[in-house]
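A short worksheet on the structure shown next.
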Amino acid sequence: MVLPTSSARAHTAAESKFRLSYPLVSSRAVRVVALDAGAESTVRRVAELSWHAASFYAAEPSWNADGLEGGPFNFTLRELVGTPALLNDVLLGVDAVIMVATSDAGTKAAAAIGSACAIRGIMTAGIIFGGAASRMTVSALRPYAGVLVVSNDEYDLEAILSALRA
Amino acid sequence: MLREEINNLLTQTGPGTMMGDMFREYWLPALLTEELPENDCPPVRVKILSERLIAFRDSEGRYGLIDEFCAHRGVSLWFGRNEQNGLRCAYHGWKYDVTGQCVEVPSEPEKSSFCASVRLRSYPLVKIGDILWTYMGDPGKTPPLPEFEFCLVPSSQTFTSKRLEEANWLQALEGGIDSSHVSWLHSTGLKDDPLFKDTEGNRYNLGDFKPHFEVAEADGGLYIGARRNAEEGHYYWRITPWIMPSFTMVPPRGDHPMHGHFWIPIDDENCWVYTFDYQPVRELTPQEVQAMKDGYGVHSLNIPGTYIPVNNKSNDYLIDRDAQKRGESFSGVRGIAIQDASLQESMGPIVDRTKERLVTTDVGIIKARAKLRRAAIALREQGTTPPGVDPVHHRVRSASVVLPKDASFIDAIGDKLQVQPGVRQVTV
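In order, the protein sequences belong to chains F and X.
Numbering follows our numbering, with no gaps: position 145 of the first sequence is 145.
Numbering follows our numbering, with no gaps: position 363 of the second sequence is 529.
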């Protein structure tokens with residue numbers, strides 16, 4: 001005999017209260033990297049909100065002017081307070097990296113981050129804020145970001161971090 | 167995940183709710199024209215945005231959508247008689263016209279003006295294509311009529327069906343935005359469904375199960391591009407437009423008709439799915455139309471005389487475990503539409519989004535929710551008209567195309583994501 005609770009008919013509002021309830025992993029470790037100066041102001045604003053496991057950085061192209069001779073993990077980012085941070089350390093224990101850009105100035109940083117994340121199996125996403133200039137940025141970031149969002153709404157970074165439980 | 171208050175904001179569409187107010191800014195599908203096939207035909211109960219209404223077509227072909235219940239004693243007018251330009255309550259004979267105005271109270275003296283003071287709430291009901299559309303908002307803000315291409319092409323080029331989905335509108339809509347499930351849930355349909363099979367695009371779909379997504383702003387909502395590997399140096403793109411609040415188009419496959427959906431809240435736990443197929447420049451073939459009626463493509467086979475799918479929650483969607491085991495069907499459920507419905511309904515009437523674990527590939531859903539929320543707040547706080555109300559926003563098409571790896575899909579085919587009368591869709 002098939003009881004109502006052992007069929008799809010159990011998917012009612014009343015039956016929902018019998019779903020198992022237990023704490024999920026509370027947060028996911030996410031790193032947000034501003035790839036250029038324009039992106040940094042957005043990242044700084046969002047960084048001031050309350051997050052469980054999100055950390056915020058900026059790319060500093062001048063620090064990596066010589067390329068990536070030591071491999072992508074030796075690429076150096078900057079914490080928003082100014083302290084240098086080696087990409088190798090930034091990516092330890094990370095679930096996802098979100099790169100934020102307003103131009104294609106950060107392509108080298110995106111390449112380093114994308115390559116390092118690919119080696120470690122870390123998901124990457126890119127958010128591009130801006131108008132017509134964003135089209136070039138899309139092409140520049142595409143090889144290094146698993147997903148791309150072209151947005152005219154700064155709130156999107158916040159929405160994505162919240163949705164990911166960062 | 168979403169906080170509980172945001173989930174409530176997005177999923178509740180009754181009168182006075184923020185999302186309900188936003189839905190009431192749009193012309194919405196209320197029923198199919200086939201439901202009121204002739205003058206003085208039987209009235210139809212319509213529940214939409216948690217309001218119970220009755221639709222009828224009077225002796226002169228005018229459509230009406232009015233409060234379901236008689237002003238006298240609260241009797242349902244569904245039991246009424248549709249006669250001589252009005253719907254007459256079966257209880258005491260009060261009669262209403264298509265505007266909800268009471269035109270006759272038989273118990274009153276002949277020269278009484280009492281009935282002039284009795285008026286049921288009503289909404290306009292307008293036929294465009296195969297759909298009767300209503301606008302349930304402030305009459306002073308009535309927007310121009312919708313201009314979705316599937317409604318405007320000749321009737322021989324378009325087909326629309328409808329089915330009940332026992333789930334909140336948002337989780338159904340999110341299925342239309344989340345194209346990453348296609349390679350899994352619908353994989354076998356690409357091989358054997360008469361409205362999908364035998365296209366070049368299917369080869370790319372089935373050759374790359376890990377699509378990458380790019381989401382771009384559209385005036386009326388979003389474009390969600392999914393790219394898969396194609397020939398050397400190229401990507402195969404499938405581009406889905408979402409027009410707010412609940413219209414999506416599925417990217418086309420070869421010369422098969424283009425299709426898409428509207429998800430319209432009945433109440434907070436059920437929605438109507440209006441599903442259309444059309445060809446911009448040619449007639450649908452009899453074989454195509456028959457396949458749609460038989461529940462192929464994105465349509466459903468319904469219980470005759472209803473819009474309830476034959477394969478539904480009460481019979482476990484007639485899941486075929488043997489077919490699943492044999493590899494003939496990935497989920498064991500027949501048909502694209504019911505494969506979606508079975509899983510979306512299994513989430514419960516309103517899924518608890520505080521518990522979900524989204525990943526970066528869900529970014530289209532995340533952005534759509536953010537846009538809906540922002541638009542509902544802007545409407546409530548500033549009176550801002552939401553995207554998708556302007557008929558210019560309706561003139562979109564989906565597309566499937568192979569492009570060089572460094573091409574932006576917006577740059578490469580942006581103008582072809584707009585309706586171009588007399589021009590074929592972009593499709594692979």
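The beta carbon of each residue, even a glycine, is placed where N, CA and C say it ideally should be.
The model shown is predicted, which means the values in this text are computed figures rather than measured ones.
query                                                                                                                                                                                 : result
Within this structure, are the beta carbons of PRO312/X and TRP193/X separated by less than 8 angstroms?                                                                              : yes
So MET184/X is in the alpha helix (DSSP H); what residue range does that whole segment cover?                                                                                         : 184-189
Going by C-alpha to C-alpha distance, which of THR137/F, PRO143/F, SER7/F and ILE128/F sits closest to VAL32/F?                                                                       : ILE128/F
Check whether the region 99-107 of chain F touches the region 135-150 of chain F, taking contact to mean three or more Cβ pairs, one atom from each stretch, closer than 8 angstroms. : yes
First and last residue of the beta strand (DSSP E) that includes TYR401/X?                                                                                                            : 400-409
Which of the three DSSP states is assigned to SER327/X in this structure?                                                                                                             : strand
Have a look at ILE432/X, VAL284/X and LEU231/X and flag the residue whose alpha-carbon is nearest the alpha-carbon of LEU291/X.                                                       : LEU231/X
For the alpha helix (DSSP H) that PRO452/X lies in, which residues bound it at each end?                                                                                              : 452-459
Taking a Cβ distance cut-off of 7 angstroms, strictly less, list which residues of the region 282-306 of chain X are near chain F, in chain order.                                    : none
According to DSSP, which residues form a beta bridge with VAL271/X?                                                                                                                   : Paired residues: none, contrary to the question.
Anything in the region 43-63 of chain F with a Cβ closer than 9 angstroms to a Cβ of chain X? List those residues in chain order, please.                                             : none
Give the single residue among ALA116/F, ALA111/F and THR76/F whose Cα lies nearest to the Cα of GLY93/F.                                                                              : ALA116/F
Along the region 351-385 of chain X, where does the CB come closer than 7 angstroms to a CB of chain F? Name the residues.                                                            : HIS378, PHE379, GLU380, VAL381, ALA382 and GLU383
So which residues of chain F does TYR483/X contact, with C-beta pairs closer than 8 angstroms?                                                                                        : ALA8
For a cutoff of 8 angstroms on Cβ pairs, would you count LEU336/X as touching chain F?                                                                                                : no
When the Cα atoms are used, what is the spatial distance from LEU77/F to ILE543/X?                                                                                                    : 37 angstroms
To the nearest angstrom, how far is it from the Cα of PRO309/X to the Cα of GLU191/X?                                                                                                 : 8 angstroms
Run through DSSP, which three-state label would THR76/F get?                                                                                                                          : strand
With 8 angstroms as the threshold, decide whether the Cβ of ARG540/X is near any Cβ in chain F.                                                                                       : yes
Please check if any C-beta of chain F sits within less than 8 angstroms of the C-beta of PRO553/X.                                                                                    : no
Measure the alpha-carbon distance for PRO553/X versus HIS52/F and round it to whole angstroms.                                                                                        : 33 angstroms
My guess is that PRO407/X and VAL562/X are in contact by the Cβ rule of under 8 angstroms, so how many angstroms apart are they, rounded?                                             : 4 angstroms
Kindly list, in the order they appear in chain F, the residues whose Cβ is closer than 9 angstroms to that of GLY341/X.                                                               : The premise fails here: GLY341/X is roughly 15 angstroms from chain F at the closest Cβ pair, so nothing lies under 9 angstroms.
How about THR12/F: is its C-beta nearer than 8 angstroms to some C-beta of chain X?                                                                                                   : yes
Once you ignore the five residues that flank ASP385/X on each side, which residues in its own chain have a CB closer than 6 angstroms to its CB?                                      : HIS559
Do ARG500/X and ASN477/X have their C-beta atoms closer together than 8 angstroms?                                                                                                    : yes
Is MET123/F close to chain X, meaning its C-beta is less than 8 angstroms from at least one C-beta of that chain?                                                                     : yes
Rounded to whole angstroms, what's the CA-CA distance from SER225/X to ASN205/X? Just pull it up for me.                                                                              : 5 angstroms
For a test of the three-state rule: what should DSSP assign to ARG419/X, helix, strand or coil?                                                                                       : coil
What are the residues in the region 201-214 of chain X lying within 7 angstroms of chain F by C-beta distance?                                                                        : none
List the endpoints of the continuous beta strand (DSSP E) containing THR300/X.                                                                                                        : 297-301
I think GLY106/F touches ASP36/F, with their Cβ atoms under 8 angstroms apart; what is that distance to the nearest whole Å?                                                          : 5 angstroms
Cα separation between ILE172/X and GLY252/X?                                                                                                                                          : 43 angstroms
Any idea if ARG329/X is buried or exposed, counting beta-carbon neighbours within 10 angstroms, 16 or more meaning buried?                                                            : buried
Which of the three DSSP states is assigned to LEU35/F in this structure?                                                                                                              : coil
Which residues, taken in chain order from the region 460-493 of chain X, show a beta carbon closer than 7 angstroms to some beta carbon of chain F?                                   : LYS479, SER480, ASP482 and TYR483
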